[in-house]
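Undergrad:
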Amino acid sequence: MKRERNLQLVPLFNDLKQELDRLYNLLDPEKEPELLEAVKYVLVEYPSILHCLEDGSVDLFNNCCERQIRRIAKYRNNSFFVGSPEVGVRFARLQSIFANIRNHKLNAVSYLCDVFRRINKTTKEELVNLLPHKWRPMTV
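First residue of the sequence shown: 10, per the numbering used here; consecutive thereafter.
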């Protein structure tokens, strides 16, 4: 799959880069500064695009990032109504915890119930094992 993708897409991207190089040399910075900036941006990012082609796990799109930013913006707008700066700090901590739980694809209710049951019996050194990236449900 990776080899097929490279065989099909790399020549197209190389043609695109040659055309962008040609365009970059032809554009007049006085007459078309915005277009020149856009072409320069693509030329700077070109190695990253090739990296996406070489490594199949790297996505060309940033939809995941955009979804995370949208969620943050929504909570930021809601946080205008938290009441006080101290509550705002607590709200930010909670949002960070829930984002971490979500990123590790855990059930938030199961995770928090288990952590609250175990936290009093856990030593200070073992608390790190209750973080979402290391957490394992307690077996009965």
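From the three backbone atoms N, C-alpha and C, an ideal C-beta is built for every residue, glycine too.
This one's a predicted model, so the numbers in the text were calculated from it and none came from an experiment.
What is the DSSP secondary structure of S93, counted as helix, strand or coil?
TA: coil
Undergrad: Determine the DSSP secondary structure at H60, reduced to helix, strand or coil.
TA: Annotated three-state conformation of H60 is helix, per DSSP.
Undergrad: In or out: Y50 buried (at least 16 other Cβ within 10 Å) or exposed?
TA: Under this definition Y50 is an exposed residue.
Undergrad: Between L32 and the rest of its own chain, which residues show a CB-CB distance below 6 Å, the 5 nearest in sequence each way excluded?
TA: V48
Undergrad: Are the stretch 117–124 and the stretch 87–98 touching, with three or more C-beta to C-beta distances below 8 Å?
TA: no
Undergrad: Quick one: give me the first and last residue of the alpha helix (DSSP H) that K83 is part of.
TA: N72 to N87
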